[in-house]
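Student: This structure is in structure tokens; I'll ask about it shortly.
Chains as they are written, first to last, in the numbering used here: chain A, 1 to 319; chain B, 1001 to 1319; chain C, 2001 to 2319; chain D, 3001 to 3319.
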């Protein structure tokens, strides 16, 4: 007979050492709820933790549970007056910033140095994530999933929020021509949101035929192979004056340089993909075209907006 | 036999005195083209000129041709090297700012004191408009109409540009909740563009059942009668924390006050409809909610964007 | 012998009923400090509470201690590891927002519905203020006062922060022409900060000769009497194209209308002074000049900036 | 006897081949004036043209007169109704954009592809400059010099405008901490303007002792040698959380990397100095700190503002 005070969870012990274990079931405190996980997504950073036992500078000081993209059902509450939340189907915003430091007070809480993120070793000790039967989350991080949507869509909220934040950082894409270098998960999400936000043109570049086909199915104006012989001719034909906003979502230095090359005077390049330090860029192009090149890190102030967009049908994730 | 150097035109001579007359056909100069008018729209300001012989402070000093919303075909060019433009189907941006004054140089050429606008007495002498067989326009003001669209859509570019400019002035509506007070032409255009730009919710208020029905057909989240007994209850149910952006498109002072009442803390109210000076507003609400209330006048930098949005299908004007 | 667990405080019991009483000395909790009050300022809202027993919509549910502009010395700490703060001379930011609600997360915590402000009945029960011997404050709200400055300057931080926030809200005044209607405390503070931020011209209007003289001493380009016969001629001579930014700091409806009248095309009017709802404004001027009219409420993200400006000499408050 | 229809001018014929020649005196057309040059500055780009016969991609197709920083006296006018301008002492904005292209209409005329700049081969044929007795300029480009200032200050307007534009591009520096890498002419100008605009702290780095001393005399909070052994310790002590805005004004790749290193989370790096393409930058730092890195090219909409700031004493250039 199982111990009801325990639960099953996938715990990372080191590089390529994830174990399915019995661990204590967490209990919700004040303003918190217990969520029974019903859908979870696997992100590139999860794979990174799995392969290397760490993720860049984030090194765990003890075994912990991975995962930060998830949806589920509220099955217990920490406050008596939250009984009405029981049974609610929710997606969970994985961000728990301090809310009081200088950068939180400026509204850029995604940069909070004390940010607790589900399934991350960015703080010490690491914060447990969602690859488990249950997760405790602040009640305000839980956004209801409309009846018409399955739990699985809820797990898409996190990557869609990353994409939406990048678009907000860019100054918006409504009525603008957009380039996305890299048709992986985040690139495709940016494509979907850019279409929903009324970009007049969205072109995706990717070396993989599958990614290009998928982008075209999602409504890309064109999906171009950057290794094609006539790559530059194709790009110039699509946007003779260059693109107004480019999103670098591949993490490939050559793609970043192409993003600059095809960005219009006065345009914007947003870094979303992960790059190392020491990348070569066309600084003279940035200077003489007055290009704005900016980083976009996780997300802030968009999680509930994305759910509202899905609910209203503005973003269609069922494809 | 008609004199080919003349053309027919509707000339405003005074209040309720518009005459169909034979007038000299204009000739394109350098960088200009001659457009044979194939479709023209009638704007509220045209009706105002017709009824009153003037439009607010704009008083014509001689008879002139009205009309500024139009599309047509390029039938003559002013420069030999523009022969390739002949036969092009175009919508015409009616804005001809000076391009060199302080406010033009700041990119806000819609406020240029020397703006020449088709069919307007805002300059002296008044500038002839499009209610004629032919119009001369700068080549760069002519935006090609895609083959799939009739000329009539071209005449919609001007009011769509007014709507798009108002949305750009607001800071953008992507992912935001939007209120539009007034479901007339401009209100409906704002609705269409706000939907295309990914507003998460768009509510329209109008006293006329026809306008509300039309708004619902255009995809409004709800269309509410502001004279309904339960008006406030309906609005509060739709947006418990208020709307993030409100567009006042009715020109009715009571509607402006409702726009303030239902705008969220930190929100924005955009004035698009024409109001007189001396309107009472809830200044304390503006202060304590830090509302931004701003005027939106004609448009700048959006005409070709709107055409690109129509061409790409992002804005669907065929409804 | 006095009871060391008590302190003296001015407690508001009702309209014109402030009593000097012995009350329990508060104790600092975690992350909090006890400040011995050494200087305090009296704000218009304090006088309002005193006269009416309330301040607008803010009605106290129990007697409470007024006052929110103050400086003092840290004499006790709530955490053992904060011992080093003992003896520090500090100005205290009176804002204690929740840090987790939607508007806090957007960086606009001055609009937080759960904001606890020293000496205010904006929350229930009211929050005690600084007209007392001691105050407990969060450690992070305490900004050190440089040795060269007396405690009294510290009490100026709050009104200077209100002025600085209004300027930040306006989009900045560097290199711009500025009008301030109303030369009371806040108007003078806006003048000082606008000068420090490199406004190219700052004109103040006020009916009181004393306020005009003081403004001129603070470096105003001109200080004008709005009741002078040649008022409009004087204003037009000073700014033929109008002012780029106007701050309404008088709370007088006629002054607000003058602010609009003398604001340039594309300009900004900031409401800082308290106005009632139902104020008449020139809405047509706002529309056709595309004026931005916005409220500025208390302040956010500027308190420590103001101290840095005072410390560096950029703002000189010793005059 | 000299031919009064001629004038003396320094004409660039090739690399290290500048000749003092007699050339035809230009005549002002409509809206233009003839300026007798009374002071001129030599910019780095002038030296570049002199050394190499070209400046980067700008290759002259015929001999032309260099120079774009100047002031002088209006001695002839192109329009009869401009007689009142005769004798006016003016500084001349060297920018003559087309005013009608897409980027001009957006207010970013410094990026106009048809920009005619005095003394530049950026257009074909090259545009003559101010190293001559007389120059023809558009009347609206001439900004009166106050009586209290010598002509020489007028020649400073151009580099001060470059500095002011960079600061405007950054989002403003009022109340912010600022780093300037490079204490050459532009770096010092940025320092002067940043001080005038109320930066709370301005730190300059330069390897040259002379530049550091000069920066300190201009009011820098500190001037640091980036080759000092304790360079990082010094920088961290000055700005423990990093600088909010950094201006790269040295054109040295290592300095750009230091600008990133010492920029705070959420901060901005502005490229003002000339860099080649292919520069290595810390892209991961840009990503995870959400740094905004943007180019600043020449200037727009600031020339007359700078003169107003000099006139009002906000900027003191007499040092």
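Cβ coordinates follow ideal geometry from the N, Cα and C atoms, glycine included.
The structure displayed is predicted, hence computed values, not measured ones.
Out of curiosity, what's the CA-to-CA distance linking residue 199 of chain A and residue 1148 of chain B?
Tutor: Using only the alpha carbons, I get a separation of about 20 Å.
Student: Rounded to a whole number of angstroms, what is the C-alpha to C-alpha distance between residue 2268 of chain C and residue 1100 of chain B?
Tutor: Roughly 22 Å separates the two Cα atoms.
Student: Among the residues of its own chain, which have a CB less than 6 Å from the CB of residue 1250 of chain B, if the five just before and after it don't count?
Tutor: Correct list, in chain order: 1181, 1182, 1273.
Student: Between which residues of its own chain and residue 1022 of chain B is the CB-CB distance below 6 Å, once the five residues before and five after are set aside?
Tutor: Excluding sequence neighbours, residue 1022 of chain B sits near 1006.
Student: Measure from the alpha carbon of residue 3277 of chain D to the alpha carbon of each residue in A/167, A/271, A/256, then state which is nearest.
Tutor: Out of A/167, A/271, A/256, A/256 has the C-alpha closest to the C-alpha of residue 3277 of chain D.
Student: Grouping DSSP H, G and I as helix and E and B as strand, with all else coil, what is residue 3007 of chain D?
Tutor: Here residue 3007 of chain D sits in strand by DSSP.
Student: Look up residue 2265 of chain C in the DSSP assignment and say whether it is helix, strand or coil.
Tutor: Of the three classes helix, strand and coil, the one that applies to residue 2265 of chain C here is strand, per DSSP.
Student: Compile a chain-ordered list of the residues in the stretch 1291-1309 of chain B whose CB is closer than 8 Å to at least one CB of chain A.
Tutor: Per Cβ criterion, the list reads 1302, 1305, 1306, 1308, 1309.
Student: Provide the residue(s) that pair with residue 2248 of chain C in DSSP beta bridges, ordered along the chain.
Tutor: Paired residue(s): C/2181, C/2271.
Student: Throw me the rounded Cβ distance for the residue 1164 of chain B and residue 1302 of chain B pair, which I believe falls under 8 Å.
Tutor: Contact holds; Cβ gap of about 4 Å.
Student: Using only alpha-carbon positions, find the residue among B/1175, B/1083, B/1015 that is nearest to residue 1332 of chain B.
Tutor: Since the displayed chain B opens at 1001 and closes at 1319, residue 1332 of chain B lies outside it and no answer follows.
Student: Would you tell me roughly how many angstroms separate the C-alpha atoms of residue 2258 of chain C and residue 2117 of chain C, rounded to the nearest one?
Tutor: The alpha-carbon atoms of residue 2258 of chain C and residue 2117 of chain C are separated by roughly 33 Å.
Student: Quick one: what does DSSP say residue 276 of chain A is sitting in, helix, strand or coil?
Tutor: It is coil, neither helix nor strand.
Student: For residue 18 of chain A, count neighbouring C-beta atoms within 10 Å of its own C-beta (all shown protein chains included) and say buried if the count is 16 or more, exposed if not.
Tutor: Buried, because 16 or more other Cβ atoms sit within 10 Å of the Cβ of residue 18 of chain A.
Student: Please classify residue 2306 of chain C: does DSSP put it in a helix, a strand, or coil?
Tutor: Three-state result, residue 2306 of chain C: helix.
Student: Does DSSP classify residue 1292 of chain B as helix, strand or coil?
Tutor: It is a strand residue.
Student: Quick check on residue 1051 of chain B: buried or exposed, where buried means 16 or more other Cβ atoms within 10 Å of its Cβ?
Tutor: Label assigned to residue 1051 of chain B: exposed.
Student: Taking residue 3309 of chain D as the reference, give the member of C/2132, C/2197, C/2207, C/2157 with the closest Cα.
Tutor: Answer by Cα proximity: C/2197.
Student: Report the neighbours of residue 983 of chain B on chain C: residues whose CB is nearer than 7 Å to its CB, in chain order.
Tutor: Look at the range of chain B in this structure, 1001 to 1319, and you will see that residue 983 of chain B is not part of it.
Student: Report yes if the CB atom of residue 2162 of chain C is closer than 9 Å to the CB atom of residue 2186 of chain C, and no otherwise.
Tutor: Yes; because the gap between Cβ atoms is below 9 Å, this pair is in contact.
Student: Use the C-beta contact count for residue 314 of chain A: other C-beta atoms within 10 angstroms, 16 or more gives buried, fewer gives exposed.
Tutor: The residue is buried, with at least 16 neighbouring Cβ atoms inside 10 Å.
Student: Quick one: which unbroken alpha helix (DSSP H) runs of 4-plus residues sit fully inside the stretch 206-243 of chain A? Chain order, please.
Tutor: As far as the stretch 206-243 of chain A is concerned, its whole alpha helix (DSSP H) runs of at least 4 residues are 209-217, 231-238.
Student: Residue 3188 of chain D: which of D/3095, D/3202, D/3058 sits nearest, CA to CA?
Tutor: It is D/3202.
Student: Is the beta carbon of residue 1298 of chain B sitting closer than 9 Å to the one on residue 1110 of chain B?
Tutor: Yes, Cβ-Cβ distance for residue 1298 of chain B and residue 1110 of chain B is below 9 Å.
Student: Give the interface partners of residue 3312 of chain D over in chain C, defined as CB-CB distance under 8 Å, in chain order.
Tutor: By Cβ distance, chain C contributes 2200, 2201, 2221.
Student: Taking 9 Å as the CB-CB limit, is residue 1999 of chain C close to chain B?
Tutor: An answer regarding residue 1999 of chain C cannot be provided, because it is not within the stretch 2001 to 2319 covered by chain C.
Student: Please go through the same chain and pick out, in chain order, the residues whose beta-carbon is closer than 8 Å to the beta-carbon of residue 2230 of chain C, but skip the five residues on each side of it.
Tutor: For residue 2230 of chain C, where only same-chain residues beyond five positions count, there are no Cβ hits under 8 Å.
Student: Using the Cβ count rule (16 or more neighbours within 10 Å means buried), how would you classify residue 3232 of chain D?
Tutor: With fewer than 16 Cβ atoms within 10 Å of its Cβ, residue 3232 of chain D is classed as exposed.
Student: Nearest-angstrom Cα distance between residue 47 of chain A and residue 60 of chain A?
Tutor: Using only the alpha carbons, I get a separation of about 15 Å.
Student: Measuring CB to CB, does residue 306 of chain A end up less than 9 Å from residue 1175 of chain B?
Tutor: A contact, by the Cβ cut-off of 9 Å.
Student: Which residues in chain C sit within 9 Å of residue 142 of chain A, going by Cβ to Cβ distance?
Tutor: Result: empty, since nearest Cβ-Cβ is about 13 Å, beyond 9 Å.
Student: So which residues on chain A does residue 2107 of chain C lean against when the C-beta distance must stay under 8 Å?
Tutor: Within chain A, the residues near residue 2107 of chain C are 105, 106, 107, 108.
Student: Can you pull the DSSP bridge partners for residue 135 of chain A?
Tutor: Beta-bridge pairing links residue 135 of chain A to A/35.
Student: Considering only the beta carbon of each residue, do residue 3245 of chain D and residue 3170 of chain D sit closer than 9 Å?
Tutor: Contact: yes.
Student: So, is the C-beta of residue 3258 of chain D closer than 9 Å to a C-beta in chain C?
Tutor: Not an interface residue.
Student: So residue 1265 of chain B contacts chain C; which residues on that side make the cut at Cβ distance below 7 Å?
Tutor: Per Cβ cutoff of 7 Å: 2103, 2111.
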